[in-house]
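Asker:
2 protein chains.
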Amino acid sequence: MGKRPPTIYTVADHAGVSIATVSRVDRGDPAVAGSTAMRVRASMRTVGYRPNGAARALATRRHRAIGLVFPHLSGPYYAGVILGLEAAAGALGQNLFIVGTDSRVRPEQLVSDLSRSVDGLVVMGRTVPDEVIAELQRGGLPLVLLARPAVGSSDVVRTENRRNAEALTRHLLEHGHRRIVFIGDPASSPDAAERWDGFVAAHRDGGGPVPIRPVISAFREGEGRAAALHALAVKSRPAALFCANDEIAMGAYAAAAELGLTIPTDLAITGWDDIPVARFLAPGLTTVRQPLAEIGALAARLVLERVGGSHKKPVTTVLPTEIMIRSSCGCRSQGGTWET
Amino acid sequence: MGKRPPTIYTVADHAGVSIATVSRVDRGDPAVAGSTAMRVRASMRTVGYRPNGAARALATRRHRAIGLVFPHLSGPYYAGVILGLEAAAGALGQNLFIVGTDSRVRPEQLVSDLSRSVDGLVVMGRTVPDEVIAELQRGGLPLVLLARPAVGSSDVVRTENRRNAEALTRHLLEHGHRRIVFIGDPASSPDAAERWDGFVAAHRDGGGPVPIRPVISAFREGEGRAAALHALAVKSRPAALFCANDEIAMGAYAAAAELGLTIPTDLAITGWDDIPVARFLAPGLTTVRQPLAEIGALAARLVLERVGGSHKKPVTTVLPTEIMIRSSCGCRSQGGTWET
DNA sequence: TTGTAAGCGTTATCAT
DNA sequence: ATGATAACGCTTACAA
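As structure tokens, this is what we get:
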């Protein structure tokens, strides 16, 4: 059953040199004579040699890979972040190990498993319990946390939420919308929690009634639609929906359509993320842009810095966000940027 | 500078057992006495032991990972496929190594690099030259090709293009649209090429004038918009745009808006893929649904089957697609499915 | 039930 | 410029 694949010994035999020489050739060590290098290279081709990554990793004590732990891999938000990670890691000659915890039964097991095969880890949000993170940290594994509070002394990359959530809510209030409901789940992610905080703060400062609780919805279109339908099914219908992300907002658009409500006249809607399609919706979705690719790129650079050995003290980076005013909030303007 | 991480020896010493016993405990071998297992487990915690994946892979000759080669990782299409791959691989206890060739200078190098650290490879479309694929195949690496023609004897997973492209074009023709232009790049991917073929075939059978050439656009919104603008800037404006995928179609929507054209009255538009937002566009986008997650899941299962050793002859699977009639083609109906 | 020891396929240090 | 050879950290017969 299946003969063993050729190893460095196979090549050495075939070329009549030592394995040391083969190794040198493979790594492009200039210390080998041109003629022998040629010969060895030829042998490698003819025997179909493919160096074993595990053996190399074992010998060099470096995996040349970093691991990503995400809830799942679909959706514009994750896609954007992963894109940035991939590009940055690639530029530094590193590969990416990606896992989605949602599809796994035991995320902790998965992560500790993954941690065996990488030089560093990038962990998104609430994918794994803090305890697991602390444990990995104790093990000395370079770690970067994404969109979540720090644990112990790891690096963190987050984006600004509270401030712009407050500003955006104020904007909605200034449009004259009286009852605004927040759709999202503050308990599901630190990001959502901070947006909810800002939302509440704006109301508090506004002097008007302060919202008690959000209408719960996960960051998905389908749930957003259901939640919006629920939110709109009351006697005194809300005038605006502050959605915790763009996917929820898209669900809200669908709900509005089903109820025959016109946006923004009958119902104003805002999102968060500024995913690519946001401006293709009709009317254009007012939302808050996050620098997705940058989040990923920065995270990659940070882990690899640690892997490289620099022992600087842990740093938390908060990337800025930007309010994108389009039409769904009640503004007429198509385009234009309103910053905070 | 950084002391060495604890190994199996560290634990063995600490627990007063042999490394073999530690290994057994770590792998959950039931042959160890409960008491010793406890003790060893305790030692593992206190010394902060994290097994080295490379060493394990070297000893077992299995990486427990499969590699994915994609052009890039963003966009709904890739996200969908990757999602399916992740879930299926996860269910089988495998990890995913993902690389995007677009961000790399030497894709071939990247791929052969990747191939050293995985048990099998899933390669999408035209990311790497056929020669590289053939080489990997010769090396005996389990390989599954996605959305592209077979090379030698590898497994292939594709979706139906020609037939439904022809049917969809016929549908457009039946709507009475006279001039239809194809936006996309047949040279960029086998998928696009087949859709173009079907598009042309429908015209040929229709007896009317047969389109000469497509308006070139990559599978991206921005390019789609530019291409649509270009296509619409002629004296006898086309009545319909057959877009090679939904992202291009979204660009076409934007172009139509800019030109003040109403869809579908002034201009009919169709897409391909049925990405999640397709039905949120106004009007709903008529398109062709591909089973994205299934493509990924099937690919994962196929590679892992090979890895498992089964040497069945290579199989090409063509997954069915389904025409989703919404409003952008000229139909009134919101919803409803029209199959072929 | 536990230990001994021979791999696994590289890299890297010394010699030569 | 090239070759021996000892790691690298784990798995796995084979013994005990």
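Residue numbers (the numbering used here), protein chains in the order written: chain A, 2 to 341; chain B, 2 to 341. Note that CB positions come from ideal geometry on N, CA and C, so glycine has one too.
State the Cα-Cα distance for the pair V129/B and D198/B, rounded to the nearest angstrom.
Answerer: What you label residue 129/B is simply residue 128 of the second sequence in a count that begins at 1. What you label residue 198/B is simply residue 197 of the second sequence in a count that begins at 1. Cα-Cα distance, rounded: 24 Å.
Asker: So, is the C-beta of S118/A closer than 8 Å to a C-beta in chain B?
Answerer: By one-based count along the first sequence, residue 118/A stands at place 117. Yes, S118/A counts as interfacial toward chain B.
Asker: For chain B, is any of its Cβ atoms less than 8 Å away from the one on D88/A?
Answerer: Here the question's residue 88/A lines up with position 87 in the first sequence. Residue identity check: residue 88/A is Ala in the sequence provided, not Asp. Chain B contact via Cβ: present.
Asker: Among R139/B, E132/B, A168/B, E222/B, which has the Cα closest to the Cα of R205/B?
Answerer: Position 204 of the second sequence, counted from the first residue, corresponds to residue 205/B. Closest by alpha carbon: A168/B.
Asker: Restricting to runs no shorter than 4 residues, where is the alpha helix (DSSP H) found entirely within the stretch 211-299 of chain A?
Answerer: Runs found: 222-233, 247-260.
Asker: Using three-state DSSP, classify A38/A as helix, strand or coil.
Answerer: Along the first sequence, one-based indexing puts residue 38/A at 37. A38/A falls in the helix class under three-state DSSP.
Asker: Taking all protein chains shown into account, decide if P210/B is buried (16 or more other Cβ within 10 angstroms of its Cβ) or exposed.
Answerer: Reading the second sequence from its first residue, position 209 is the one you call residue 210/B. Exposed is the call here.
Asker: Quick one: what does DSSP say I20/A is sitting in, helix, strand or coil?
Answerer: On the first sequence, position 19 is the one that residue 20/A refers to. DSSP places I20/A in helix when its eight states are reduced to three.
Asker: Distance cutoff 8 Å, beta carbons only. Does V12/B sit that close to anything in chain A?
Answerer: Translated into the one-based positions of the second sequence, residue 12/B becomes position 11. No, its Cβ sits nowhere closer than 8 Å to a Cβ of chain A.
Asker: Counting only the same chain and skipping the five closest in sequence on each side, list residues whose C-beta sits under 7 Å from that of R180/B.
Answerer: One-based indexing of the second sequence puts residue 180/B at position 179. S237, P239, A240.
Asker: Would you mind working out which of D267/B, E222/B, L303/B sits nearest A245/B, comparing C-alpha positions?
Answerer: Position 244 of the second sequence, counting from 1, holds the residue named residue 245/B. Looking at the Cα atoms, E222/B is the closest of the given residues.
Asker: From the DSSP output, read off the bridge partner residues of L147/B.
Answerer: Along the second sequence, read from residue 1 onward, the residue named residue 147/B stands at position 146. BP columns for L147/B point to M125/B, V158/B.
Asker: What did DSSP end up calling T11/A once you bin it into helix, strand or coil?
Answerer: Reading the first sequence from its first residue, position 10 is the one you call residue 11/A. Of the three classes helix, strand and coil, the one that applies to T11/A here is helix, per DSSP.
Asker: Quick check for students: name the residue ranges of the beta strand (DSSP E) that lie wholly in the stretch 37-77 of chain A, counting only runs of 3 or more.
Answerer: Whole beta strand (DSSP E) segments, 3+ residues: 66-71.
Asker: Do the stretch 156-166 of chain B and the stretch 290-301 of chain B touch if we need at least three Cβ pairs shorter than 8 Å?
Answerer: Touching, yes, given that three or more Cβ pairs across the two stretches are closer than 8 Å.
Asker: Leaving out five residues on either side along the sequence, give the residues of the same chain with a beta carbon under 7 Å from the beta carbon of E248/B.
Answerer: Residue mapping note: residue 248/B aligns to position 247 of the second sequence, counting from 1. So the qualifying residues of the chain are G76, F220, R221, E222, G225.
Asker: For V26/B, go through chain A and note every residue whose CB falls closer than 9 Å to its CB, in chain order.
Answerer: Locating residue 26/B in the second sequence gives position 25, counting from the first residue. Within 9 Å Cβ-Cβ: nothing; V26/B doesn't reach chain A, min ~15 Å.
Asker: Quick one: residues in its chain with C-beta nearer than 7 Å to the C-beta of P6/B, no 5 flanking neighbours on either side, listed in chain order?
Answerer: As a position in the second sequence, residue 6/B is number 5, starting the count at 1. If we look at P6/B and ignore the five residues flanking it on each side, its Cβ neighbours are R51.
Asker: Would you kindly work out how many angstroms separate the C-alpha atoms of G336/B and R327/B, rounded to a whole number?
Answerer: As a first step, residue 336/B must be located in the second sequence, where it is residue number 335. As a first step, residue 327/B must be located in the second sequence, where it is residue number 326. Only weak support is given to the placement of G336/B: the predicted model assigns it a pLDDT of 41, under 50, and the question is left unresolved by the model.
Asker: For G126/B and P72/B, which I take to be in contact (beta-carbon distance under 8 Å), what is that distance rounded to the nearest angstrom?
Answerer: If you number the second sequence from 1, residue 126/B lands on position 125. If you number the second sequence from 1, residue 72/B lands on position 71. 7 Å between Cβ atoms; contact.
Asker: Given that P277/B touches chain A, what residues does it touch there, using C-beta distances under 7 Å?
Answerer: Residue mapping note: residue 277/B aligns to position 276 of the second sequence, counting from 1. Chain A residues near P277/B: E222.
Asker: Would N246/B pass as an interface residue toward chain A - the criterion being a Cβ-Cβ separation below 8 Å?
Answerer: Looking up residue 246/B in the second sequence gives position 245. Taking Cβ atoms only, chain A never reaches closer than 8 Å to N246/B, which makes this a no.
Asker: Closest by CA to G331/A, which one among R65/A, V119/A, R171/A?
Answerer: The residue given as residue 331/A occupies position 330 in the first sequence. Closest by alpha carbon: R171/A.
Asker: When Cβ atoms are compared, which residues of the stretch 247-268 of chain A fall closer than 7 Å to chain B?
Answerer: Against chain B - using a Cβ distance shorter than 7 Å - the residues of the stretch 247-268 of chain A are M251, Y254, A255.
Asker: In whole angstroms, give me the CA-to-CA distance for A229/B and A279/A.
Answerer: For this step, residue 229/B is matched to residue 228 along the second sequence. For this step, residue 279/A is matched to residue 278 along the first sequence. Cα to Cα, A229/B sits roughly 20 Å from A279/A.
Asker: For L84/B, which residues in chain A fall below 8 Å Cβ to Cβ?
Answerer: Position 83 of the second sequence, counting from 1, holds the residue named residue 84/B. Ordered by position in chain A, the residues that pass the 8 Å Cβ test against L84/B are H73, L74, S75, G101.
Asker: So which residues of chain B does G54/A contact, with C-beta pairs closer than 7 Å?
Answerer: Taking the first residue of the first sequence as 1, we reach residue 54/A at position 53. Going along chain B in sequence order, the residues near G54/A (Cβ under 7 Å) are R117, S118.
Asker: Looking only at C-alpha atoms, which of A56/B, R163/B, A66/B, V152/B sits nearest to A202/B?
Answerer: Working through the second sequence from its first residue, we reach residue 202/B at position 201. Comparing Cα-Cα distances from A202/B to each of A56/B, R163/B, A66/B, V152/B, the minimum goes to R163/B.
Asker: Three-state secondary structure (DSSP) at G337/A?
Answerer: The residue labelled residue 337/A in the question sits at position 336 within the first sequence. With a pLDDT of 37 at G337/A, under the threshold of 50, the predicted position of this residue should be treated as unreliable, though the coordinate-derived value follows. G337/A falls in the coil class under three-state DSSP.
Asker: Could you spell out where the alpha helix (DSSP H) holding I326/A opens and where it closes?
Answerer: Here residue 326/A refers to the residue found at position 325 of the first sequence. Premise fails: I326/A is in no alpha helix (DSSP H) and is neither H nor E.
Asker: Give the secondary structure of M2/B by DSSP, where H, G and I count as helix, E and B as strand, and everything else as coil.
Answerer: Along the second sequence, one-based indexing puts residue 2/B at 1. With a pLDDT of 48 at M2/B, under the threshold of 50, the modelled position of this residue cannot be trusted; read the value that follows with caution. In this structure, M2/B counts as coil in the three-state DSSP scheme.
Asker: Is the shortest distance between the beta-carbon of L81/B and the beta-carbons of chain A less than 8 Å?
Answerer: Within the second sequence, the letter at position 80 stands for residue 81/B. The residue asked about is misnamed: residue 81/B is Gly in this sequence, not Leu. It does; some Cβ of chain A falls within 8 Å.
Asker: Hey, quick one: how far does the beta strand (DSSP E) through G207/A stretch, first residue to last?
Answerer: In the first sequence, residue 207/A corresponds to position 206, counting from 1. That residue, G207/A, is in no beta strand (DSSP E); its alpha helix (DSSP H) goes 191-207.
Asker: Between H342/A and chain B, is any beta-carbon pair separated by less than 8 Å?
Answerer: In the structure displayed, chain A extends from 2 to 341; residue 342/A sits before or after that span and is not available.
Asker: Can you tell me the Cα-Cα spacing of A55/A and L93/B, whole angstroms?
Answerer: Residue 55/A sits at position 54 when you count from the first residue of the first sequence. Residue 93/B sits at position 92 when you count from the first residue of the second sequence. About 21 Å.
Asker: For W339/A and G101/B, I'd like the C-alpha separation in whole angstroms.
Answerer: Within the first sequence, residue 339/A is the residue found at index 338, counting from 1. Within the second sequence, residue 101/B is the residue found at index 100, counting from 1. Legend: pLDDT at W339/A = 37, less than 50; position of this residue unreliable, value from coordinates given subsequently. Near 34 Å, if we compare the C-alpha coordinates of G101/B and W339/A.
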